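A short write-up of the structure that comes next.
Residue numbers (our numbering): 46 to 294.
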């Protein structure tokens with residue numbers, strides 16, 4: 046009986062600790078990465094309708110928000126309900142803006158690009174179009190490498206007339222390993238925006254990645270609830286060298 050009691054107490058203790066850790070992480074009190082402004086001078090956020098109404102003036106006043114990449118579209122017809130508002134107000138507040146598209150595996154790339162073209166305005170001093178390539182939240186289809194290459198190329202080709210800049214590929218390590226690793230030359234030339242919330246990814250003079258998403262539970266004045274946090278490659282002190290379309294800030 047004593048061993049059963051001890052096992053029960055131990056199990057409860059583990060559950061309590063796990064719950065506390067989850068609570069701390071969910072509310073931004075626990076974070077695996079905390080890149081400093083001295084080492085990563087250009088930091089920013091990415092947002093969507095999940096962040097609700099954002100006070101962009103308050104957000105822009107914080108030193109770790111130099112840029113914001115906001116969800117614009119998904120698939121062939123979905124438009125983020127907060128994109129137009131976020132795009133306008135972030136620009137008015139002086140934040141360097143970028144738009145991203147969530148790429149679904151179940152819709153032709155050309156159709157998806159047309160959704161972007163109908164939604165994202167062409168504006169000066171903005172980041173290149175970002176393409177969110179990941180399994181989480183996607184449809185059940187798992188394309189072959191050949192299928193992924195074909196559809197992503199079709200997407201980027203369709204964008205070129207209006208957005209000729211090299212796009213940004215937002216990728217998880219899982220997606221990178223399955224599709225991009227060893228096949229980079231088959232995809233359009235691109236910048237890499239890498240998600241890695243548990244450890245700092247290795248870097249080689251900005252050659253491996255240009256943007257690192259280091260947390261998905263950030264807390265900021267002006268935003269209710271958690272927000273994704275990002276940094277530019279540590280060698281960058283301005284935008285223009287890495288992204289020529291954006292004037293140095």
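Glycine included, each C-beta is placed from N, C-alpha and C at the ideal position.
All of these numbers come straight from a predicted model, not from anything done at the bench.
Would you kindly work out how many angstroms separate the C-alpha atoms of residue 125 and residue 132, rounded to a whole number? Taking the straight line from one Cα to the other gives about 11 Å.
Q. How far does the alpha helix (DSSP H) with residue 155 in it reach, from first residue to last?
A. For residue 155, the uninterrupted alpha helix (DSSP H) segment begins and ends at 154-162.
Practice prompt. Could you tell me the boundaries of the alpha helix (DSSP H) in which residue 135 lies?
Written response: Counting along the chain, the alpha helix (DSSP H) containing residue 135 begins and ends at 128-137.
Exposed or buried, what is residue 184 when buried is set at 16 or more other beta-carbons lying within 10 Å of its beta-carbon?
If you draw a 10 Å sphere on the C-beta of residue 184, you find fewer than 16 other C-beta atoms in it, and that means exposed.
Host beta strand (DSSP E) of residue 239 (start-end)
236-240
- Message: Going by DSSP in three states, residue 224 sits in which element: helix, strand or coil?
- Response: In the structure shown, residue 224 sits in a helix (DSSP, three-state: H, G or I).
**Q.** Whether residue 88 touches residue 121 by CB criterion (8 Å)
**A.** no
Would you give the residue range spanned by the alpha helix (DSSP H) that residue 105 belongs to? 101-105
What three-state label does DSSP hand residue 119 in the structure shown?
strand
Note to self: For a test of the three-state rule: what should DSSP assign to residue 95, helix, strand or coil?
What the structure shows: Secondary structure of residue 95 (DSSP, three-state): helix.
- Candidates 108, 134, 144 and 127, of which the one nearest residue 114 by Cα: 144
Quiz prompt | residue 108 burial status per 10 Å Cβ neighbour count (16 or more: buried) | solution = exposed
Check: Mind checking residue 82: buried by the 16 CB within 10 Å criterion, or exposed?
Finding: Counting the other Cβ atoms within 10 Å of the Cβ of residue 82 gives fewer than 16, which makes it exposed.
(message) Is residue 161 close to the ligand ADP? I mean its beta-carbon at under 7 Å from any heavy atom of the ligand.
(response) Judged by which ligands are present, the structure shown has none, so any question about the ligand ADP falls away.
**Asked** DSSP state of residue 206, grouped into three classes?
**Response** coil
Cβ distance (whole Å) where residue 285 is taken to contact residue 171 below 8 Å: Going by Cβ atoms, the distance from residue 285 to residue 171 rounds to 13 Å, so no, they are not a contact pair.
Exposed or buried, which one is residue 218 when buried takes at least 16 other CB atoms within 10 Å? Answer is exposed; the Cβ neighbour count stays below 16.
- Under 8 Å, do residue 138 and residue 102 count as touching if we go by C-beta distance? yes
(request) Within the same chain, show all residues whose beta-carbon is closer than 6 Å to that of residue 279, passing over the 5 residues directly before and after it, in chain order. (result) Closer than 6 Å at Cβ, skipping near neighbours: 84 and 85.
Worksheet item: For residue 95, does the count of other Cβ atoms within 10 angstroms reach 16, so buried, or fall short, so exposed?
Response: Counting of Cβ neighbours within 10 angstroms places residue 95 among the exposed residues, the total staying below 16.
Limits of the unbroken beta strand (DSSP E) element including residue 273: 272-277
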